[in-house]
Structures are given as C-alpha cells and as structure tokens.
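Participant: Sharing a structure below in structure tokens format, with a few things to ask.
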Amino acid sequence: MADETLLQRTQLPRPDVTAEEAAAILDTFYGLKGTITELGSQQDRNYRLDTGESRYVLKICRMEYATVELEAQNAAMHHLATKPDSPRVPTPVKASNGDDILFLAVGGDEYQVRLLTYLDGEPLTQRKYLGETAVAVLGALTARIAVNLADFEHPGLERELQWDLRRAGQVALHLLQAITDMQARDRIAKAMVAAVRRIQPLAEELRIQAIHHDVTDDNVVSRPDEAGRLIPDGVIDFGDILNGWLAADLAVTCSALLHHADGNPFFILPAIRAYHAVNPLNAAEARALWPLIVARACILVASSEQQLAVEPDNDYVLGNIEHERTIFEVATSVQSVVMEQAILAALDMADPAQDLPPIGPLLPGVGTDAIRLLSLDIDSPHFEQDNFLRRGMELKLLEQAARETGIAITRYGEYRLTETNLRSTAEPETFALHVDLCLPAGFQTAAPFAGRIERYNERTVLAGEGIHLHLLGLDCLHEAGITLSEGEPLGTVEGTAGHFGLMRLQLCTEAGLFPPYFCRPSQADLWRKLSPSPSALLGSHCDAPALDGDDLLARRTRHFAKPQKNYYSNPPQIERGWKEHMFSTTGRAYLDMVNNVSIVGHGHPRLAEAVYRQWSMLNTNSRFHYRAVAEFSERLASLAPEKLDTVFLVNSGSEANDLAIRLAWAASGAKNMVCLLEGYHGWAVGSDAVSTSVADNPKALSTRPDWVHPIMSPNTYRGLYRGENSARDYIAAAMPLFEEVDRKGEKLAGFICETVYGNAGGIPLPPGYLKDIYAEVRARGGVCIADEVQVGYGRLGHYFWGFDQQGVEPDIITIAKGMGNGHPLGAVITSKAIAEALEREGGYFFSSAGGSPVSCTVGMTVLDIMTDEELQENARDIGDHLKARLEALGQRFPLVGAVHGMGLYLGVEFVRDRQTLQPATQETAAICDRLLDLGVIMQPTGDYLNVLKIKPPLCLSRESADFFADSLARVLEEGW
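Here this note's numbering runs 542 ahead of the position in the sequence shown, where the first position is 1.
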C-alpha cells in the first residue's frame, strides 16, 4: 500500500499565490523587480521574473512537501554545477537574509519559496517533430545527468513521490479512482498490471541511485544548431529528484518522446542507444525499460485526470493532457515483448537467434518442382506501368502462376511493391512476414510439428514448443484445445471444389504474439527474429534475397569516380519509376520534384515501346542516311524562330553549350565570350569555362580563362539592383566591359546565358534585359546563345522557350535534358550561316550517338507525348496552382524569402532575415533531408544552396503538387 502522505499529495491543488503576490515576494525578500509571467506546473506555482538584465524562476511549494526534499533539489543543482561535463542547470539564489528557502504566509496559507536562475532556451514540448539527432542528444543528456548524480547523496532523496516508478502500481490504483470513464480506467489498469508483471522479476537487478527522474521534452531547454534544429543542452525542474531505479530515469525521458513519435514506438531507440553509450544499462535494465515506459505512461495519464478532478482550471495540465494521452496510446500500441527485443537489439544485447525446432511438411507429398515462386518486389517481371497499384493484383498474379504448376507461393522477406502507397509521408509496411499459397481448394494439410490448436476468429494457430504456426484460409478439422502430433491431419484449404483456394501462413516464436503480415522496412530485422521464414514447412526455399543497398553504395564509391556525386548521404536505392513517382528497393514511393530530365514522366509505355521497336530495327550513327534524323531535325527547327533552321544533334547539354561556343567563335572570328555570374552551362571544357556558379565549382571565379568575361548577374531578388525595373541598371553595370572591348579594338564572339535564371531557382530576368544585352553583343560582332537546357522546352508552361518571355530571338538555342526524357540527347538550333561557319573553320562535326535512329525516335516520341498529353498546358496550370500554394507559405513562415519562377520550374528561396537576405543554407539542406523522410525528393540550388529547385516531370498531377506543398508546410511548421 502506498504511503498515506504520498496519496494525500496526489490530491493537493497548487499554491494559491497570484502574480501580484509573487511580485511582492520578489521585491521584499530578494530586492528584485521586473515583468512577471506564470509558468506551468503540475502541483507547484511557478513565476518567471525578467528584470531586463537577468531572468529568474520563483518556485512556490506547499508545506506538505518536506523541506529536506527542497534542500536536496538545491544541493543537486549545486553538485551538478561542479561537474565540468554536465548540461546547464539552474542555480539557487539566496534571499536577502542569506537563506535558500523561505517560509512565507500568503493569503493565510504557509508556503516554501525558492528563487532559481532561469535557463534561456526553448523546450521541446511544442515541437511536434524531433529529428534523430535531437532524440539521441536527449538520451545522452539524460545519461550524463545520471552519471554525474551517481556520487550524490542527500537525506532528502528518500522520499515518497507519486512519480517514483517503484511504486507505480500502487499509485495508479489510487489515481484511477478519480477516472469516471470506465473503459479508459480499465485500459490503464490492464496496461499497468501487465507492465508490473514484467518488471517484478527484474526488480532486484535494477540499480538504485540519485536520479533527476523528469528529464523530459518539457524540462530541457534547447538552442538551435546551424541548421535551425533544436538541440537540448540544459535541464530544469529538479522537483522529482529522488533515489530510484536508474532505468526509470531513462524510461521517463523515453515516454516523453512518444508524443513526438507519430505513432511509431521505435522512434525512441536513438535515445536509448545514446544513453547506453554514455551510461551502459545492464541486461535487466534493458529488459525492464519498455514496461517502465508503459508504467510511466499510465501514471501520466491517470495523474492528469486525477489532477483535473481536483483543479479543473489547471491550464498546465489541460495543455499537456492530450500529449499524455498520445504517450499512453503509443506505449500500449505494441506488445512488450516486441519492444523488449527492439531495445535489446539496439543495444547489441539481443540473444543469439535460436534455431527452429524440427519441422515437418505442411503439404505432405508436394515436391519442390510442383511449387512456383512468385516475385512481387520492385524487380518483378510481372509489373508493367502501374499495374502493381491495382487492387487485387497480387491474387491475380498468384492464381496465374498456380495454373502453371498447381501451387504458387509468394516470397517471405520480400519488399512487396504492391504494398506501396503513393504520396504518403509514412514509411509503408512492405516487408512480407508471411507467405501466401494458391493451391487447389480442399488440399489436405498436416501438422508440421506437435502442438495445440488455438482459434482466433478466422485465424488458426498451431502452438508448439517454441514455435507457433498461424494460418488463414484453412478449414481446420479440430476444435480449440485439441493437441496434435506431428504429421496428423490439420485441415483443408478453404474454397470451392475444382477451384483454387488461398492460404496464408506465418511462423511466430512468441506465444500470444500476433505479428503483422507486413512491417516497415526499418523494423524488418526485428520482426524476422519474431516471425521467421516458413521455408521449412514447405520443403522449399521461399525467401526473397536480401537487399544489397549498402554493398552497392560501397561498390559505387569504390569504382565510380568521386566527382560524380549522388544525392543524399544515405540515399534510397531507386530502381523503378512511374510518372512523377520513383520507387526504392524497399517498396517506398517517392514524389520526384527535382527530375527535369524525365520531362514526360518515368516509365512512359509509349516511349518504351518506340525505343524497343527502333532498337530492334536499327541503331547506328548519323553519317548513315535514314528517316529519323531528317524528321527529328525538321521537327526541332519548326519549334524555333524562323531564321533558326539548322540543327546539330549531340548527347548532352554540356556538349550542346560547348558546341554553341565553338559556333560563336567560328561565326564571329573572335574568342571573347561574355557570360553571367552564378550561371552553369556544363562540364565540357568550353561550357565549363563560361560556368561561374560557385555551388557547382567553388573555384569558378578564380579559374576562368582570359577569354571569358563574366558580368553581374541580373538577380532581381538578391542582386545589387532589385525588382522588375532593374534591367537598365544591370546593363549599365555591364557597359564597362563592352567599353573595354571597344577600347582594345577587339570583338566579341558571343554572349551565353540561361533565359530564366535556372541555376538560381528560376528567377526571371528583368524585362528588357536580353533585348538590350543582345543589342550590345551584336554591335560588337558577337552572337547570342540562349541556354534552354534546364528551363525551356515547355517547362515554363506559359512559354515554350524562355527567351519568348523576354521578347527576343537568339542566334543559337541549346537544349538537352528533358528532350530525351533521360536518354542522352541534346541539340543546338541555329541559322544555316552560323552552322556553315563551323565547317569553314575546321571541317565537319560528328557525334556518335547524337542523331542516332534511337535518339531521334526518342526525341520525336517525347514531342508527340508532350503534344498529345498537353504537358506544356499542364505545366502552366499545375505550376500556377503550385506557385500560389508556395507563396501562401511565405505568409506563414519568415524563412520563405521568395518564390521564383513559373510553370514547373520554380524555386523557393530560404533566408534567415528578409531584410539582409542572409541565406539559410544549412536549413535548406536539413529541409531537403526531412522532405526525403516524408517521401519527397528535393535538392537545393543557387550559389548559396538555399533555394529548393522545383522541376518535376511535366505530368505532375494537382494531387501530387498539393502533396508537395503540404509536406513542405509540415516541415516548416514542425521543424526538421
């Protein structure tokens, strides 16, 4: 039975002390004045004082709490302050009379009063999302406090406290009396009883020492790192300090994390690993940890309900109770044995996997050659286009396979693509922990081992020694409770005679555990142990091969040249795509918002068919005479201004821009090229020379050859001159260069720029800029090159070419990327006179794959699809809708400095200050990582890498655009 004093304390309201009375105390006894703000508390009354120079916390406690307990709290803070590696903690402040604790009468009641320094920082409570780093740091912080309190002793630590998890069962029984909702009371009681039963056998091995016992998201203060992520570094509120179970200290921290977990109890594992690295747990503590977390959840929700019954207007409790209910729901959403195994595995303390006991055949007389194994993963040859998304596709394919051999079976341990979810922020449950068999209805099965029959609705369980067989679709011959020997008839496959039936089977090593049929890939290793492969039942290997993603990345790093970077430090392995979606080997669907290469979408059947047909007929080089090269060249020329009637076909944008520079040299007879700062045009020698983006090449500005002359970028957002009317100023800024060319008596070869500032996130050039700059270049003998590689070809929606927005006609157009939808294809469109100048200068031009029959077929098919599916119109409509949604985010979140671009070439620029435009570079990188967690592929761009480069396939649906906008809003609201 819990101590009577303890039970009485649970019924006490907070001290009845107003802000005015608190101000008087501070003035009279501490000589302090300032702004008073009430802080929340369960049973104390706390006020923050801001004097303008310093801040303090006035803590007012009832006399029912022993003074020695408050002395212990003060002593613990002093003790920790002496430890050089301790987190920040408050410091007790003495009153004018030199006392740490005052005994004062307020309104006829006696109270105990203390003053502490106030720790600046932000609590984590209101941050719905906590990243893995913050979670781990919180675990390590809890451990460091525990380590530094290990040698702390004080008589006030021996106390009766309702939060002491050693007394959780007794306290809960008392608190539950105040809950009038019988269903809720029963749930809490059952959860508490189950937790106590798991804790009791381990109790003697649980170490006891001084513990803070309340290192929670509400009682730590945090400061942002460079990326704006809150990192806890201080601990407050020592009101629950006592001598208690060391493991209970960590349990309190972990339970607080559960309301940030988005329903996933495995979310706490980084905190546990980090704690263990600083302050190792013993085996009993590791096993007791989850039931202690459940017990804490029960006490939290029961205590809040009880406190509201005593004090219904307690805003602190009212503000926290939904969090505590969430904690309870997550803590009771999974059986303790599952989390125990997860925790042990996280700490490398798991027991070695045990071999299964001897198992006989479930299907007697069936040989391995009679079973057809069906693949349903990302590499399955049975999946075409989006048929894997169709309802019932698994069963359809399984039955088709069964008709070939009589029995077909799915694979265990397979990441089924059929279980994916488009536009989902959560990791899908794709990992199969069972197998499905399609076999003739009425097929006789046998008990593969001795066991007892258990029945749970439609599920039959054969419970053996250390192994349990779960079956669906079985017409069992026996009632529950019957014991069978190995080989005895078990039942028959359900279904109509003469037809196929479906039977699902699953093994489990734990009694009373009902594993899910599918689990998240991140939890696969744990569930494999609890629900092992049923291959032994079938006498046939039915396991899918393990993924080799980590090994594959290592092989890539080993042999693929380092300058060829990959997205993300821990990238998903993408092996399939459909429209604007990409799919990883674990079956997760990602929304592709960055892939301007796949302009008509991934996996387009029309394109695949056209390529297959052409390749099966002919693929060679363009020096041969064939239809496709003439038709495609004619088609491209028809898209350009009338005077640009001649086409070169190449393999990439880099080659296209490199060739354009050579054409400028040949046509002008000069060498000097003018380009813009912050621009990118490719990797070839010429195209790299005119690329000045320091994001792509940190040494770009110091390594340009002397024939390259960069001029100020007309960045209307963060440039020297801003706004739509800045063209004249930027032209004036370029004039010294032109005047220097005139002074030297030289000529210009040309000028190259993107017609929309693509590499800066789609910033439009100021109106009239290209008209004036083109005139200055042409006046000095140069030609004007429009780099449309990224921004052109219909992507802008409102214009097919970016130069159309400026109302100009270039002398040379370069294109690539989307025109081949991922096939290596680029082009240069110019006039016949400029093209022939190249031949006069240096002979003919040739590109081995540029202009091949397959390349030309790809190019024409892409244009046909764009026309037939009205993709430019879709880019306009969906792009306008998406831009409006993104601009609305700028009204809510100061980090959003601007939304650039048009159509489906957009950029969201993040800044730390809208006045100074300080780039939020680290925040942008962290936001991209968080978006990946939510199922969106996004990357930064710009010289400061602070702009989201939004350039998805042009088939992007409105639903997908909204999913992206909603996901970005969620990140900006919850954190990253």
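Positions of the beta carbon are idealized from the N, C-alpha and C atoms, including for glycine.
(1) Using the Cα positions of residue 1355 and residue 944, report the straight-line distance between them to the nearest angstrom.
(2) Let's test the definition: count the other Cβ atoms within 10 Å of the Cβ of residue 1408 and tell me whether it reaches 16, buried, or not, exposed.
(3) Report the CB separation of residue 956 from residue 1086 in whole angstroms; it is logged as a contact under 8 Å.
(4) Which of the three DSSP states is assigned to residue 1271 in this structure?
(5) By how many angstroms is the C-alpha of residue 1416 removed from the C-alpha of residue 1503?
(6) Please report the distance separating the alpha-carbon of residue 543 from that of residue 711.
(7) Report yes if the CB atom of residue 1015 is closer than 7 Å to the CB atom of residue 1004, and no otherwise.
(8) With DSSP collapsed to three states, give me the class of residue 1029.
(9) Going straight from the alpha carbon of residue 1154 to that of residue 1396, what length do you get?
(10) Relative to the alpha-carbon of residue 983, which residue among 1406, 1009 and 1043 has its alpha-carbon at the smallest distance?
(11) Cβ atoms of residue 1349 and residue 1343: under 7 Å apart, would you say?
(12) Okay, do the region 959–976 and the region 1119–1133 touch, 3+ Cβ pairs below 8 Å being the bar?
(13) Using only CA atoms, which one of 1403, 1013 and 1339 lies nearest to residue 998?
(14) In whole angstroms, what is the alpha-carbon distance linking residue 1519 and residue 1364?
(15) What three-state label does DSSP hand residue 1300 in the structure shown?
(16) CB-CB under 7 Å to residue 706, same chain, minus the five flanking residues each way: which ones, in chain order?
(17) Which residue comes first and which comes last in the alpha helix (DSSP H) that contains residue 675?
(18) Just how far apart, CA to CA, sit residue 627 and residue 611?
(19) Less than 7 Å between the beta carbons of residue 1458 and residue 1488, yes or no?
(20) Thinking just about the alpha-carbon of each residue, which of 1403, 1071, 565 and 1064 is nearest to the one in residue 1049?
(21) With a 10 Å radius around its C-beta and 16 neighbouring C-beta atoms as the bar for buried, classify residue 848 as buried or exposed.
(22) Restricting to Cα atoms, I'd like to know which of 899, 1205 and 1177 is closest to residue 1078.
(23) From residue 693 to residue 700, what does the alpha carbon distance come to, in whole angstroms?
(24) Assign residue 652 to one of three DSSP states: helix, strand, or coil.
(25) With a cut-off of 8 Å, do at least 3 Cβ pairs link the region 679–697 to the region 833–840?
(26) Taking only three categories from DSSP, how would you classify residue 1154?
(27) Measuring straight from C-alpha to C-alpha, what distance separates residue 598 and residue 655?
(28) In three-state DSSP terms, what is residue 1166?
(29) Find the nearest neighbour of residue 1372 within the set 1508, 1272, 1403 and 1181, judged by alpha-carbon distance.
(30) According to DSSP, simplified to helix, strand and coil, what is residue 856?
(31) Give me, in chain order, the residues of the same chain whose beta-carbon lies closer than 6 Å to that of residue 1256; leave out the 5 immediate sequence neighbours on both sides.
(32) Using the Cα positions of residue 954 and residue 929, report the straight-line distance between them to the nearest angstrom.
(33) Who are residue 1329's beta bridge partners in DSSP?
(34) Taking the beta carbon of residue 1123 as the centre, do at least 16 other beta carbons fall within 10 Å, making it buried, or is it exposed?
Facilitator: Taking the definition as stated:
(1) Residue numbering aside, residue 1355 sits at position 813 when the sequence shown is read from its first letter. Residue numbering aside, residue 944 sits at position 402 when the sequence shown is read from its first letter. Going from the Cα of residue 1355 to the Cα of residue 944 covers about 57 Å.
(2) Locating residue 1408 in the sequence shown gives position 866, where the first residue counts as 1. Result: buried.
(3) Start at 1 with the first residue of the sequence shown, and residue 956 comes out as number 414. Start at 1 with the first residue of the sequence shown, and residue 1086 comes out as number 544. The pair is a contact, with the Cβ atoms about 4 Å apart (cut-off 8 Å).
(4) Taking the sequence shown and counting its residues from 1, one reaches residue 1271 at position 729. Of the three classes helix, strand and coil, the one that applies to residue 1271 here is helix, per DSSP.
(5) Numbered from 1 along the sequence shown, position 961 holds the residue referred to as residue 1503. Numbered from 1 along the sequence shown, position 874 holds the residue referred to as residue 1416. Cα to Cα, the separation comes out at about 12 Å.
(6) Counting from one through the sequence shown, the residue named residue 543 turns up at place 1. Counting from one through the sequence shown, the residue named residue 711 turns up at place 169. Low confidence applies to residue 543: its pLDDT is 35, below 50, so where it sits in the model is not reliable, and the reading given next is rough at best. When rounded, the distance between both Cα atoms is 10 Å.
(7) Numbered from its first residue, the sequence shown carries residue 1015 at position 473. Numbered from its first residue, the sequence shown carries residue 1004 at position 462. No, they are not a contact pair.
(8) As a first step, residue 1029 must be located in the sequence shown, where it is residue number 487. Residue state, collapsed to three classes: coil.
(9) Walking along the sequence shown from the start, residue 1154 turns up at place 612. Walking along the sequence shown from the start, residue 1396 turns up at place 854. Their Cα atoms are separated by approximately 9 Å.
(10) Taking the first residue of the sequence shown as position 1, residue 983 is located at position 441. Nearest of 1406, 1009 and 1043 to residue 983, Cα basis: 1043.
(11) If you number the sequence shown from 1, residue 1343 lands on position 801. If you number the sequence shown from 1, residue 1349 lands on position 807. Not a contact, by the Cβ cut-off of 7 Å.
(12) yes
(13) Walking along the sequence shown from the start, residue 998 turns up at place 456. Checked all of 1403, 1013 and 1339; the closest Cα to residue 998 is 1013.
(14) Outside the modelled stretch of the chain, which goes from 543 to 1518, sits residue 1519, for which no answer is possible.
(15) If you number the sequence shown from 1, residue 1300 lands on position 758. Residue 1300: helix per DSSP, three-state reduction.
(16) As a first step, residue 706 must be located in the sequence shown, where it is residue number 164. Counting only Cβ-Cβ distances below 7 Å, and skipping sequence neighbours, we find 784 and 786.
(17) Looking up residue 675 in the sequence shown gives position 133. Note, residue 675: alpha helix (DSSP H), 674–691.
(18) The count along the sequence shown starts at 1 and reaches residue 627 at position 85. The count along the sequence shown starts at 1 and reaches residue 611 at position 69. The alpha-carbon atoms of residue 627 and residue 611 are separated by roughly 25 Å.
(19) Reading the sequence shown from its first residue, position 916 is the one you call residue 1458. Reading the sequence shown from its first residue, position 946 is the one you call residue 1488. No, the pair does not count as a contact, with Cβ atoms beyond the cut-off.
(20) Residue numbering aside, residue 1049 sits at position 507 when the sequence shown is read from its first letter. Per the Cα distances, 1071.
(21) Here residue 848 refers to the residue found at position 306 of the sequence shown. Answer is buried; the Cβ neighbour count reaches 16.
(22) Locating residue 1078 in the sequence shown gives position 536, counting from the first residue. The shortest C-alpha separation from residue 1078 is found at 899.
(23) Translated into the one-based positions of the sequence shown, residue 693 becomes position 151. Translated into the one-based positions of the sequence shown, residue 700 becomes position 158. Taking the straight line joining both Cα atoms gives about 15 Å.
(24) Stepping through the sequence shown from its first residue, residue 652 is reached at position 110. If DSSP states are grouped into helix, strand and coil, residue 652 belongs with the strands.
(25) no
(26) Sequence index remark: in the sequence shown, residue 1154 carries index 612 (1-based). Here residue 1154 sits in helix by DSSP.
(27) The residue given as residue 598 occupies position 56 in the sequence shown. The residue given as residue 655 occupies position 113 in the sequence shown. Computed Cα separation, rounded: 13 Å.
(28) Locating residue 1166 in the sequence shown gives position 624, counting from the first residue. In the structure shown, residue 1166 sits in coil (DSSP, three-state: anything other than H, G, I, E or B).
(29) Mapped onto the sequence shown, residue 1372 falls at position 830. Nearest of 1508, 1272, 1403 and 1181 to residue 1372, Cα basis: 1181.
(30) The residue given as residue 856 occupies position 314 in the sequence shown. Correct three-state label for residue 856: coil.
(31) Counting from 1 along the sequence shown, the entry for residue 1256 is found at position 714. Within the same chain, residue 1256 has close Cβ partners 1272, 1307, 1308 and 1311.
(32) Locating residue 954 in the sequence shown gives position 412, where the first residue counts as 1. Locating residue 929 in the sequence shown gives position 387, where the first residue counts as 1. Their Cα atoms are separated by approximately 21 Å.
(33) Taking the sequence shown and counting its residues from 1, one reaches residue 1329 at position 787. Answer is 1296 and 1356.
(34) Residue numbering aside, residue 1123 sits at position 581 when the sequence shown is read from its first letter. Looking at its Cβ environment, which holds 16 or more other Cβ atoms inside 10 Å, residue 1123 is buried.
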